[in-house]
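Notes for the one structure printed next.
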Amino acid sequence: MVKDSQSILDPKLLEILVCPVTKAPLQYDPHKQELISKKACLAYPIRDGIPIMLPEEAREITLEENTSGND
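In this note's numbering, the protein residues as written are 1422 to 1492.
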């Protein structure tokens, strides 16, 4: 889990989490503390080390954000 803003998300947790909308894998953005669903164009926040996997809490990401980073 995330302990502070400099920590990384537990890789085992990332392996089992999927987007609740599309069921697609997520990508971790350590700088923004978000889990990104490229398929749904949504970014789920991580607050106090806890991924908030509610679609109503996610922010829509732009096409530019969706195409940047690792695939």
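We treat Cβ as the ideally placed atom computed from N, Cα and C, and that holds for glycine.
Query: Report the residue from L1484, P1466, P1451 whose alpha carbon sits nearest the alpha carbon of C1440.; Result: P1466
Query: With DSSP as the reference, please indicate the residues paired to R1469 in a beta bridge.; Result: One point to set straight first is that residue 1469 is Asp, not Arg, in the sequence displayed. BP columns for D1469 are empty, so no partner.
Query: Taking the C-alpha atoms as reference points, what is the distance between A1392 and L1434?; Result: What is shown of the chain runs 1422 to 1492, which leaves residue 1392 out entirely.
Query: Hey, how far is the Cα of L1438 from the Cα of H1452?; Result: 19 Å
Query: Does the distance from the C-beta atom of K1459 to that of N1487 stay below 7 Å?; Result: yes
Query: If you scan the region 1437 to 1487 from start to end, which runs of the beta strand (DSSP E) of 3 or more residues do you find wholly inside it?; Result: 1448 to 1450, 1455 to 1458, 1463 to 1468
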